[in-house]
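One structure is given below, encoded as structure tokens.
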Amino acid sequence: MENTIITSESVKVKRESLILLHGLFGDLSNWNAVKDNFSADHNIFIPKLPLYKKSEKDATLKHYVKFLCEYITENQIEKPILIGNSLGGHIALLYALEYPNEVEKLVLTGSSGLYESTLDMSFPRINDFEFIAEKVREVFYNQEIISDSLIENVYNTIQDKEKALSVVRTAKAARNQNLKDDLTSIALPVLLIWGMQDIVTPLSVAEEFFYLLPNAYLHLINHCGHAPMMEQPAEFNKRLKEFLIS
-1 MENTIITSES VKVKRESLIL LHGLFGDLSN WNAVKDNFSA DHNIFIPKLP LYKKSEKDAT
59 LKHYVKFLCE YITENQIEKP ILIGNSLGGH IALLYALEYP NEVEKLVLTG SSGLYESTLD
119 MSFPRINDFE FIAEKVREVF YNQEIISDSL IENVYNTIQD KEKALSVVRT AKAARNQNLK
179 DDLTSIALPV LLIWGMQDIV TPLSVAEEFF YLLPNAYLHL INHCGHAPMM EQPAEFNKRL
239 KEFLIS
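In this note's numbering, the protein residues as written are -1 to 244.
Structure follows, in structure tokens:
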């Protein structure tokens, strides 16, 4: 499996750079529609987050922010626009809080950081295929988007005890790191794109982000769950394009 996708032959090309950050069970392919739509005019970077670490100290959000910092440095990316889904949005927010002058804009979709109803798993339940399948189904409003292979990939991943431990630790770390008291200090332009039928990070979460972030714009997408860039890619890309040129 690839660990990153980079669409620009050289980051020396003087155009905006977009870094796309997936969620806890996400994959690089989650961002295919964004990559395909914007790669002609932007440098696109899609890193695979190092979610499955054996060490407990590595299953922290601080660890993922450090990874992102090193990734940006290694690829010589200047003032990227960070676009994050779910856990990826949480990491983008933490990076912007730590390096406020190193980010151009933020785009959050179904982001954690305030509240989320995530895979709150115990080890007895992770062996229950139907339980995992139901949790995967909760991510999407349109159930037709869910393939058998998607469910099987999530299920198979957490049958590895070390990976399951890392998932549980990371989910716990995300729930414990609430950013409510920090968001007012983020002066960057922030676009919130939210599925109106998101039950993982419900609409009330988007509204609270909008209230707390001083320079935020909120766009809601109907008939859409937790991953708008996958479920409603045309609408997602339209709103993203408007934000990028504003």
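Heads up, the beta-carbon is just placed ideally off N, CA and C, and yes, glycines get one too.
Does residue i come out as helix, strand or coil in the three-state DSSP assignment?
i    : result
V203 : helix
T182 : helix
T2   : strand
I245 : One cannot answer for residue 245 here, as it falls past the ends of the chain, which runs -1 to 244.
V22  : A small correction: the amino acid at residue 22 is Leu; Val does not occupy that position in the sequence shown. Looking at L22 - three-state DSSP - the assignment turns out to be coil, as it is neither helix nor strand.
L177 : coil
I17  : strand
T131 : Note that residue 131 corresponds to Ala in the displayed sequence, not to Thr. Helix, per DSSP.
K12  : coil
M194 : coil
F138 : coil
A225 : coil
I144 : coil
F241 : helix
K236 : helix
I156 : coil
N30  : helix
Please name the residue in the options whose C-alpha comes closest to that of residue i.
i    : options                : result
L66  : S84, Y50, L85, P45     : P45
N73  : F43, H61, V63, L91     : F43
Q157 : N35, I75, Y50          : Y50
N220 : A232, G193, I4, F234   : G193
E150 : Y93, E206, F129        : F129
S109 : A131, L163, I191       : I191
V63  : L210, A171, K133       : A171
Q175 : V105, K77, E68, L112   : L112
N213 : V198, A185, A131       : A185
T199 : L85, D39, P78, E68     : L85
L106 : T155, E206, E136       : E206
E114 : K12, G223, V32         : G223
G24  : T155, A204, D39, I4    : T155
T2   : E14, K33, R13          : K33
D180 : E233, L91, E240, L163  : L91
K178 : K159, A162, L163, V203 : V203
Looking only at DSSP bridge pairs, what is residue i linked to?
i    : result
Y215 : L189
Measure how close the beta-carbons of residue i and residue j come, nearest whole angstrom, since I'm counting them as under 8 Å.
i    : j    : result
L59  : H88  : 7 Å
P226 : K103 : That pair is no contact at about 17 Å.
N245 : N28  : Absent from the model: residue 245. The displayed extent of the chain is -1 to 244, so no value can be given.
I75  : I124 : Wrong, their Cβ atoms sit about 36 Å apart, outside the cutoff.
D168 : L22  : Here the sequence assigns Thr to residue 168, which means Asp is not the residue at that position. That belief holds up - the Cβ atoms of T168 and L22 are roughly 6 Å apart, short of 8 Å.
L327 : Y215 : Nothing about residue 327 can be read from this structure; the chain reaches only from -1 to 244.
Y127 : E229 : First, the amino acid is wrong: residue 127 is Phe here, not Tyr. In fact, because the Cβ distance is near 23 Å, the residues do not count as touching under 8 Å.
L80  : Y93  : 6 Å
L148 : V165 : 16 Å between Cβ atoms; not a contact.
R13  : N41  : 6 Å
**Item:** Segments of 3+ residues assigned as beta strand (DSSP E) that fall wholly inside the stretch 33 to 114
**Value:** 41 to 45, 79 to 83, 103 to 107
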